[in-house]
Each structure stands twice: as C-alpha cells, then as structure tokens.
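Undergrad:
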Amino acid sequence: MERLRRKSQYIFTLLANAYWLFPWRSPIYQGPLKKICFPGLNCHSCPAATMSCPIGALQNLLATLRPGLQMGQIHFGAYVLGSLGLIGSIGGRMPCSWICPFGLLQKWLFLLPVPKLSFWRPLRWGPYLFLIVFVVLLPILVVDSLGYGSTWFCKYVCPAGTLEAGIPLLCLDQGLRRAAGWLFAYKFIVLILLLIWCTVTTRPFCRAICPLGAIYGLFNRISWLRLRFHPDRCVQCEACLTICPTGVSFYNGLDDLNSAACIRCLRCFSICPANAVTLEFGPVREDISNTSESEII
Amino acid sequence: MRRYLPLFTAIAFIALLALGIWSGEVPVVWHKAITICLSCIGIG
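Line order of the protein sequences matches chains U and F. The numbering of the first sequence is the working numbering, which starts it at 1300 and goes up by one. The numbering of the second sequence is the working numbering, which starts it at 108 and goes up by one.
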C-alpha cells in the first residue's frame, strides 16, 4: 500500500508539473488543461504547472465577486467548490497524502536526520482559520475603490507559491527580479521557516495551515471511502499512532478515526497487526457507529 | 437517510460543479491561471 501511495504521489506531482517547455516558449503553460483544478496544492504560476490551483482559483473568484455582481455575474466559486466537494465526497482528505506535491515535499523533509518535535494539538484549528479568514473573508471584504479584492492567502501565506513559482520565475526573468521587494523577502522567510518546521514535525503545513486540507477534511466522515476501527480487535500496541503522520489517536478514543485531521494515507490500515482498522466504501452502515469512542463505551 | 449521505453529498457537489460551469466560471479560472500571479510569487 505504501509503495502504491508513493507511486501515486510521484505520478500526480509529475502530471501537475509536466510543462517543461517554459525556458523556450511562454514562461507558464497557457493551454486548456488550466481550466481544470488540480486536487492538490500546486501553484498555477509555477512555470511547469499544467493545471490551476483550487485555492488560488477560489480566491480569485471571491476577490472579483463584487464587481462581478455589479455586472450581473454570480461567480462565487461554484466550479472550484463543486470540483473539491466531488473529490472530497469520494475520498475525503485522501488527495493530501496520495496526490498533493506539497505533501510529498513535507514527507521528504521529515526524513532528514534532525531532532524531532511533537505537534501542538490546538494548531489543528489553523487550517480552518486560514480558510475562513484568508481564503474567504478577506478577499471578499477588503476591496479597493473598484470593488476588487486580493488573494490574501497566496499573497501573505502560501509557501507553495514562493517555492514553485516565485523562486523559478525570478531566476528566469530579470524584470521580475528587479520588481521583487519586501513582500518577496517576507514570503521567502515564511517559506524557509516552514521548511525548517517540516524537518522537525510531520506535515506541519497540512496540520496547521492548509485551507485545501481543511475543505477535504470536512468530508472525511461522510465520504464514500471511510476507515473503521474495531476496538474489540485492538491490542493497544500503538503502532497506528506511531506511524500516523498527523497524530490521529483513535485507538484510545481521543480522536475519531475519520476525523478531519486524518489525511487518509492508510498507514494505520496497513500496519495494524490485529486488523483493527478496516476500509469501507459505499453507503454508511448504521449498525455499528463509526466513532471509536462510542464503540469502546 | 444518513446511510446515503455520501451519495447525496456527491450529487450535491456535482450539481454545484455544473452550476459553476453553466455560470461561466471556467473561463475566469482559466484566464487567471494562464497569467503570472504576482501575489503568488511575492511581487504584487
């Protein structure tokens, strides 16, 4: 299972960044594939990006909501939310661990042999804060005299934009290099700090920041694919907790196995020696509760 | 009702996706994605 997931991550990372003609043709890909929202976090201004970033696209639509309404166009992000909701309703947060290139980067960085730190659990609310404030509210509410907002998450937070688009484009274009100022310096520092954090903690961006993961996480309990914990089979070996990249502690009832924090890497399913974690696909079974806590009680 | 929640959710989001396509959001998404986003790269 782990090998399959690794292959999936590599394949999707390559598919999302398959335009290698940028040094000779246009600096970024401008073809029809960019009409599709990529299910992971991958900046569409990356020179090699072939698809659009859903978080960037959603912010752009919300930032132009007011002028659009004045012109009789209601573009509130239905296309982007529909795409994400459809994927989320099938696999929940599965794209975070099977598709997302930024998730793959975090996984690599954590392999570096440096001292490791635990994750402070209240930071789990971070993705919702970034989603509600930076992706939705600020682009709609803070507007210029013409009614246009800004893409706040991309501008002030997103490290993927700095890494995948900012650095390569500034290397390629002298004009952009000259235009770079304090904002680029700030974003670069944010990126460096995050990359350092990734070396000491597992998937800190997914757990504390990512608004895309926050959207997918809302579907974990009601998606077609779900995990089920069987406490009667559990031998309390803690192998699931040890291997979980997001620290979901379901064996002792602290978390729900299908909580929004779970990125569906399925490592707990693979490693459990007692088969206490199983996969379900299809309608929700009502005979047994999905929550580990209620089953333990 | 809860049993078929995954199905209802998927149908609702397919409808939302269709609404987005019908209302002309796809060209807007495409147009933004084919131009260099200065905010993303930390310039504007």
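Yeah, the Cβ is synthetic: ideal placement off N, Cα and C, and Gly gets one too.
Bridge partners of C1336 of chain U, per DSSP?
TA: In DSSP, C1336 of chain U forms a bridge with U:S1351.
Undergrad: For N1359 of chain U, would you say it is in contact with chain F, using Cβ-to-Cβ distances shorter than 8 Å as the test?
TA: Yes, N1359 of chain U counts as interfacial toward chain F.
Undergrad: Can you name the start and end residues of the beta strand (DSSP E) that V1445 of chain U belongs to?
TA: According to the sequence shown, residue 1445 of chain U is Leu rather than Val. Here L1445 of chain U belongs to no beta strand (DSSP E), and DSSP marks it neither H nor E.
Undergrad: So, is Y111 of chain F buried or exposed, given that buried needs 16 or more other C-beta atoms within 10 angstroms?
TA: Exposed, by the Cβ-count rule.
Undergrad: May I ask you to list the residues that DSSP assigns as paired with E1579 of chain U?
TA: DSSP, once it has assigned bridges, lists U:R1525 as partnering E1579 of chain U.
Undergrad: Just tell me which of U:L1468, U:F1433, U:R1420 and U:L1411 has its CA closest to the CA of H1343 of chain U.
TA: Answer by Cα proximity: U:L1468.
Undergrad: Buried or exposed, going by whether 16 or more other CB atoms sit within 10 Å of the CB of K1415 of chain U?
TA: Exposed: under 16 other Cβ atoms inside 10 Å.
Undergrad: Just checking my contact of P1438 of chain U with P1394 of chain U at CB under 8 Å: how many whole Å lie between their CB atoms?
TA: At roughly 23 Å, the Cβ-Cβ gap does not stay under 8 Å, so P1438 of chain U and P1394 of chain U are not in contact.
Undergrad: Answer yes if the stretch 1497 to 1509 of chain U comes into contact with the stretch 1477 to 1489 of chain U, meaning at least three C-beta pairs across the two stretches below 8 Å, and no otherwise.
TA: They do not touch, by the three-pair rule.
Undergrad: Is G1371 of chain U helix, strand or coil when you go by DSSP?
TA: If DSSP states are grouped into helix, strand and coil, G1371 of chain U belongs with coil.
Undergrad: To the nearest angstrom, how far is it from the Cα of L1383 of chain U to the Cα of Y1515 of chain U?
TA: Approximately 7 Å, taken between the alpha carbons.
Undergrad: Would P1572 of chain U be called buried (16 or more neighbouring beta carbons within 10 Å of its own) or exposed?
TA: Label assigned to P1572 of chain U: exposed.
Undergrad: How far does the alpha helix (DSSP H) with T1461 of chain U in it reach, from first residue to last?
TA: No alpha helix (DSSP H) contains T1461 of chain U, which DSSP labels as neither H nor E.
Undergrad: Thinking C-alpha only, which one of U:L1380, U:S1569 and U:T1577 is nearest R1527 of chain U?
TA: Selected option, being the one with the closest Cα: U:T1577.
Undergrad: Taking the alpha carbon of S1396 of chain U as the reference point, which residue from U:D1554, U:F1549, U:L1553 and U:K1306 has its own alpha carbon closest?
TA: Checking every option, the nearest Cα to that of S1396 of chain U belongs to U:K1306.
Undergrad: Do the stretch 1344 to 1360 of chain U and the stretch 1460 to 1475 of chain U make contact, defined as three or more Cβ pairs closer than 8 Å?
TA: Flag = yes, the stretch 1344 to 1360 of chain U and the stretch 1460 to 1475 of chain U touch.
Undergrad: At a CB-CB cut-off below 8 Å, which residues of chain F make contact with I1491 of chain U?
TA: Within 8 Å Cβ-Cβ: nothing; I1491 of chain U doesn't reach chain F, min ~13 Å.
Undergrad: I'd like to check one pair, I1354 of chain U with F1452 of chain U: are the Cβ atoms closer than 8 Å?
TA: Yes. Within cutoff.
Undergrad: Within the continuous alpha helix (DSSP H) that includes K1306 of chain U, where are the two ends?
TA: Element bounds for K1306 of chain U: E1301 to A1315.
Undergrad: Can you name the start and end residues of the alpha helix (DSSP H) that P1503 of chain U belongs to?
TA: Element bounds for P1503 of chain U: P1503 to A1507.
Undergrad: Closer than 8 Å, CB to CB, is Y1378 of chain U near chain F or not?
TA: For Y1378 of chain U, the answer is yes, since a Cβ of chain F falls inside 8 Å of its Cβ.
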